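Student: The following block contains the structure, expressed as structure tokens.
Numbering (the numbering used here), first residue to last: 220 to 475.
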């Protein structure tokens, strides 16, 4: 069992397990957004998380997926007030081949906008997904809404109809413009969609989702990575197998 030490005096010890039915999953990476642990041969983990950690979440291993019938794969748990975190996964199609449907900037603001997005576009994606042979996931690369946070609830209900799990990425228009500061502006997004920085595995590859929007208030933001994002990414890279292909999913393209 690998255990990491968080670089803070404000920490608490938590435990949990990662299972698939009765199968205990060894080697699954667990994080609170700051430190890391890895499950042992019985699927168990124990580590110290920061008192201010918002989530405990896993890096979903290849060949598995968390339940996604809520519209977001349940690879995370809210950390407040809990000392145990158990994760139950489902098996996906075996093999190293997979498909990804990537969607960017739906930017729906009104109910009419969302109804248009939920009609032909989602129907087309559903038909496409039915034709896939092997594992398949979706990525929605930010700006799901256009400064209207309740759209995210509508999105979660509708995206399930595509028939594959969809992983979200935060965009600048998924923040609340009246809130002050990066963390507060995206707090409502996190409450509905989960962590902004996380990863999951497909085949031999790793998809890393990152928040590259540093938000201020009143629609002001800059593109880049906050210090805590880079610190988490640096820590995570120590667990990535050599030879894995890495894919970065973020809202603003690197070359823009």
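In this text, a Cβ means the ideal position worked out from N, Cα and C, and glycines have one as well.
Just so you know, these numbers come straight off a predicted model, no measurement behind them.
1) By alpha-carbon positions, which one of 460, 308, 470 and 313 ends up nearest to residue 262?
2) Using 10 angstroms around the beta-carbon of residue 273, count the other beta-carbons present and answer buried if the total reaches 16, otherwise exposed.
3) In chain order, what residues of the same chain lie with their CB nearer than 8 Å to the CB of residue 297, ignoring the 5 residues before and after it?
4) Would you check if the segment 251-271 and the segment 285-295 touch, i.e. whether three or more CB-CB distances between them fall below 8 Å?
5) Are the CB atoms of residue 371 and residue 427 within a distance shorter than 8 Å?
6) With a threshold of 8 Å, are at least 3 pairs of Cβ atoms found where one atom belongs to the segment 311-329 and the other to the segment 340-355?
7) Any idea which residues DSSP pairs residue 417 with across the strands?
8) Would you report the Cα separation of residue 281 and residue 247, rounded to the nearest angstrom?
9) Report buried or exposed for residue 472, applying the criterion of at least 16 other Cβ atoms within 10 angstroms of its Cβ.
10) Could you check whether the Cβ of residue 459 sits closer than 7 Å to any heavy atom belonging to the ligand ZN?
11) In whole angstroms, give me the CA-to-CA distance for residue 438 and residue 243.
12) Taking DSSP as the reference, what is the three-state secondary structure of residue 455?
13) Per DSSP, which one or two residues make a beta bridge with residue 260?
14) Judging by CA-CA distance, which residue of 378, 230 and 408 is the nearest neighbour of residue 267?
15) Do you know offhand how far residue 444's Cα is from residue 433's?
16) Whole angstroms are fine: how far does the CA of residue 303 sit from the CA of residue 239?
17) Using a Cβ-Cβ cutoff of less than 8 Å, which residues in the same chain neighbour residue 406 once the five nearest sequence positions on both sides are dropped?
18) DSSP puts residue 303 in a beta bridge; with which residues?
19) Determine, using beta carbons only, whether residue 255 and residue 277 come nearer to each other than 8 Å.
20) Run through DSSP, which three-state label would residue 396 get?
21) Taking the beta strand (DSSP E) that residue 385 belongs to, which residues open and close that run?
22) Measuring only the C-alpha atoms, how far is residue 404 from residue 453?
23) What's the call for residue 469, buried or exposed, on a 16-neighbour Cβ count within 10 Å?
Tutor: According to the structure shown:
1) Mapped onto the chain shown, residue 262 falls at position 43. The residue with the shortest Cα to Cα distance from residue 262 is 308.
2) By 1-based counting over the chain shown, the position of residue 273 is 54. It counts as buried.
3) As a working note, residue 297 is residue 78 in the chain shown. Taken in chain order, the residues that qualify are 273 and 274.
4) no
5) Within the chain shown, the letter at position 208 stands for residue 427. Within the chain shown, the letter at position 152 stands for residue 371. Not closer than 8 Å, so no.
6) yes
7) Here residue 417 refers to the residue found at position 198 when the chain shown is read from its first residue. DSSP lists 428 as partners of residue 417.
8) Position 62 of the chain shown, counted from the first residue, corresponds to residue 281. Position 28 of the chain shown, counted from the first residue, corresponds to residue 247. Roughly 10 Å between the two C-alpha positions.
9) Taking the chain shown and counting its residues from 1, the one referred to as residue 472 is at position 253. It is exposed - the Cβ of residue 472 has fewer than 16 other Cβ atoms within 10 Å.
10) The ligand content of the structure shown is nil, which means the ligand ZN is not present either.
11) The sequence position of residue 438 within the chain shown is 219, counting from 1. The sequence position of residue 243 within the chain shown is 24, counting from 1. Spanning the two alpha carbons is a distance of roughly 45 Å.
12) Locating residue 455 in the chain shown gives position 236, where the first residue counts as 1. Residue 455: helix per DSSP, three-state reduction.
13) Position 41 of the chain shown, counting from 1, holds the residue named residue 260. Residue 260 is not bridged to any residue.
14) Taking the chain shown and counting its residues from 1, one reaches residue 267 at position 48. When only C-alpha atoms are compared, the closest one is 230.
15) To locate residue 444, count along the chain shown from 1; it is residue 225. To locate residue 433, count along the chain shown from 1; it is residue 214. Roughly 7 Å between the two C-alpha positions.
16) Translated into positions along the chain shown, residue 239 becomes position 20. Translated into positions along the chain shown, residue 303 becomes position 84. Rounded to the nearest angstrom, the two C-alpha atoms are 17 Å apart.
17) What you label residue 406 is simply residue 187 of the chain shown in a count that begins at 1. Once the five neighbours on either side are set aside, the close Cβ partners of residue 406 are 395 and 398.
18) Your numbering for residue 303 matches position 84 in the chain shown. According to DSSP, residue 303 bridges with 234.
19) By 1-based counting over the chain shown, the position of residue 255 is 36. By 1-based counting over the chain shown, the position of residue 277 is 58. Cβ atoms of residue 255 and residue 277: not closer than 8 Å.
20) Walking along the chain shown from the start, residue 396 turns up at place 177. Coil, per DSSP.
21) Position 166 of the chain shown holds residue 385. Unbroken beta strand (DSSP E) run through residue 385: 385-387.
22) By one-based count along the chain shown, residue 404 stands at place 185. By one-based count along the chain shown, residue 453 stands at place 234. The straight-line gap from Cα to Cα measures roughly 25 Å.
23) Numbered from its first residue, the chain shown carries residue 469 at position 250. Counting Cβ neighbours within 10 Å, residue 469 comes out buried, since at least 16 surround it.
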